[in-house]
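The structure appears right after this line, and notes come after that.
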Amino acid sequence: MNPNPDPKRLVVAITGASGAVYARRLIQLVVAAGVETHLVISPLGQRLLHDELGLEGMGGNSANLAQLAELPEGSPSPANLVVHPFRDVGASIASGSFRHDGMVVIPCSSNTLGCIASGMAQNLVHRAAHVTLKERRKLVLVHREMPLSLIDIRNMEAVTEAGAVVCPAQPGFYMMPQTIGDLVDFVVARVLDLVGIDHTLAVRWGEAKAEDRGARVEQER
Ligand SMILES: Cc1cc2nc3c(=O)[nH]c(=O)nc-3n(C[C@H](O)[C@H](O)[C@H](O)COP(=O)(O)O)c2cc1C
């Protein structure tokens, strides 16, 4: 990825839905792009980072922040990645006066979706999301659950009416993915597009090289 010529400021929340790998890939790309990244992780989000990726101590441990950003072993914590405590509703990102270019909840649990839809703000994830909506900034919820209850569907309707974008963690297969990384990139690329951060992930149908697609179709036969 090219360093971003126009550095941005992004809020990222990781909650307790499956798909911690989406969060790690997003963090890796935005940190590498020079985006000032403000991170908050729910307790269940921390558990998923541990259970699915083997990451521990994400409350502010610098070594693990470097790991989350997929920097080489021994790297210091990236200067443009700041972690805020989950319970600190007095953190900068809890205030509308803190300007940013968008907030992404990735992955977003049904619990967090429901709390945002109802306007609850008892922790920093909910509060930062609430503030993002009230300030009419971009809020992207990478929801992961299946199947959906009517409650989930109604909550999605409510947050969409309030200005959020529900972007399900639901990769397409038309680009002939070969690896789990391809599937993850498909979702993360859409998120980056939604918050206006440049990337060079090869996920655009119209821009895929015809010969590459042909070769992949041959491989499938
Ligand atoms: C291993 C594991 C996987 C889970 N996966 C999901 C999921 O994919 N989607 C979801 O909505 N909840 C999932 N949950 C349940 C949420 O973690 C739970 O509802 C929790 O209260 C969410 O809290 P949070 O929104 O503050 O992170 C999972 C829980 C565990 C322990």
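Numbering-wise, the sequence shown is residues 1227 to 1447 according to my numbering.
Backbone N, C-alpha and C define an ideal beta-carbon position, used for all residues, glycine too.
Computed from a prediction, not measured in an experiment: that's the story for all the values here.
- Per the DSSP secondary-structure output, residue 1332 pairs with nothing in a beta bridge.
- Annotation: residue 1338 to residue 1370 spans about 11 Å, alpha carbon to alpha carbon.
- Distance check between residue 1245 and each of 1297, 1327, 1411 and 1360 places 1411 closest, using alpha-carbon atoms only.
- Shown here, residue 1430 sits in coil according to DSSP, grouped into three states, outside any helix or strand.
- Assigned with DSSP and collapsed to three states, residue 1276 falls in helix.
- In this structure, the beta-carbon distance from residue 1293 to residue 1275 does not fall below 7 Å.
- DSSP places residue 1369 in the strand class (E or B) of the three-state scheme.
- DSSP places residue 1376 inside the alpha helix (DSSP H), whose first and last residues are 1376–1387.
- Across the set 1423, 1414, 1386 and 1401, the C-alpha of 1401 shows the shortest separation from the C-alpha of residue 1433.
- When DSSP assignments are scanned along the stretch 1284–1316, the uninterrupted stretches of alpha helix (DSSP H) that are 4 or more residues long and fall wholly within it turn out to be 1288–1294.
- Here the alpha carbon of residue 1388 sits roughly 7 Å from the alpha carbon of residue 1359.
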